[in-house]
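Take a look at the structure set out below.
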Ligand SMILES: Cc1cc2nc3c(=O)[nH]c(=O)nc-3n(C[C@H](O)[C@H](O)[C@H](O)COP(=O)(O)O)c2cc1C
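Numbering (this note's numbering), first residue to last: 131 to 464.
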């Protein structure tokens, strides 16, 4: 069992990474159904929360079925971070996560996200500001350091543990790397081996198969892994890793029926949460991922992204299943 303050997770938990415009409640629910043990919201601006921006507040929506869930915030101002911690607490998440890893300019320019990797005193102050204003367990997600010459995550781990964070997730790249190159988990492993470190350490970066999850667990000793891109359109990654860890065998990939069921659930969730028009619109970017590899995927996707009612989309799913069952899906004329 892995413990984050009062939150209990199973052994070697699988975490769904926070992802802007992706990790919304409908997607989180689908990932949860297929085995994610802890899910996070996308990052939420503390400035937005304080200004009471509707868009930021909407991102605080969480639902019972997805628990345990963490709300992630980012910001570069201590008072705004503290106040946001109080706002977040009123919405009742299981934990509050601070983003100290976002590399994008609009975040870094404001002294938030990965910017504080250049100023660990500021990072510690911001973290203290959050920890002191909430009774929620506070966790942090960060990167190895600012750039190749300043990989300071080992110091980050000790100092943030000392000010009270309850878990640390580390993406094995620097800010300068953005998403380039391969994630390097060596320092993550070193932190796990540091006898001073008592909090759970989660590794993140490039986990895209059951073998890799198990190999990285064995090699780096992490308490769990956080998965981002590999779960987009493929929430089955979670159950596949679990099955492989338990049995050493690969689980069969999802059938077309399962893919469509997940797509439907995701769409229904989107429509319920955002309304039919926006829900349908925002779902459009997911079809290609859910249907990757099926024959004539482009044509089916085109139909799905041009349909403008939930009933219309449901009809296309039915036609796709019929074509599959009748064998027509495999014929060139479909
Ligand atoms: C579309 C997208 C949006 C992201 N948004 C966030 C975010 O809001 N907060 C955050 O901490 N990381 C964010 N990330 C980074 C991921 O959480 C994760 O660290 C990164 O994708 C590496 O993990 P992976 O190789 O499993 O994808 C985002 C990544 C992607 C691809």
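Don't be surprised by glycine CBs; every beta carbon is placed ideally from N, CA and C.
Taking a contact to mean a Cβ-Cβ separation below 7 Å, would you say residue 170 touches residue 198 in this structure?
no
Checking 7 Å against the spacing of the C-beta atoms, do residue 350 and residue 378 come in under that value?
no
Determine the burial state of residue 134: buried for a count of at least 16 other Cβ atoms within 10 Å of its Cβ, exposed for fewer.
buried
Do you know how far the Cα of residue 233 is from the Cα of residue 224?
26 Å
If you reduce the DSSP assignment to three classes, tell me which class residue 349 lands in.
helix
Nearest-angstrom Cβ-Cβ length linking residue 322 and residue 352, presumed shorter than 8 Å
6 Å
Does the separation of the CB atoms of residue 301 and residue 212 fall below 7 Å?
no
Cα separation between residue 227 and residue 200?
6 Å
Compute the Euclidean distance between the alpha carbons of residue 216 and residue 418, then round it to the nearest angstrom.
39 Å
Per DSSP, what are the beta-bridge partners of residue 215 in this structure?
DSSP lists no partner for residue 215.
DSSP three-state call for residue 409: helix, strand or coil?
helix
Quick check: the Cα distance between residue 131 and residue 210, rounded to an integer number of angstroms?
34 Å
So residue 139 and residue 299 are in contact, right, with Cβ under 8 Å, and what is the actual spacing, rounded?
Rounded, the Cβ-Cβ distance is 13 Å, inconsistent with contact.
Assuming residue 260 and residue 268 make a contact with CB atoms under 8 Å, what is their CB distance in whole Å?
5 Å
Give the list of continuous beta strand (DSSP E) stretches no shorter than 3 residues that lie fully inside the segment 147-176.
168-175
Using CA atoms only, rank isn't needed, just tell me which of 436, 407, 390 and 416 is closest to residue 449.
390
Proximal residues to residue 463 (C-beta, below 8 Å), its chain only, five neighbours per side dropped
Low confidence applies here, because residue 463 scores a pLDDT of 44, under 50, leaving its location unreliable; read the following figure in that light. If we look at residue 463 and ignore the five residues flanking it on each side, it has no Cβ neighbours.
Any heavy atom of ligand 1 closer than 6 Å to the beta-carbon of residue 229?
yes
Option nearest residue 175 by Cα separation, candidates 187, 304, 168 and 256:
187
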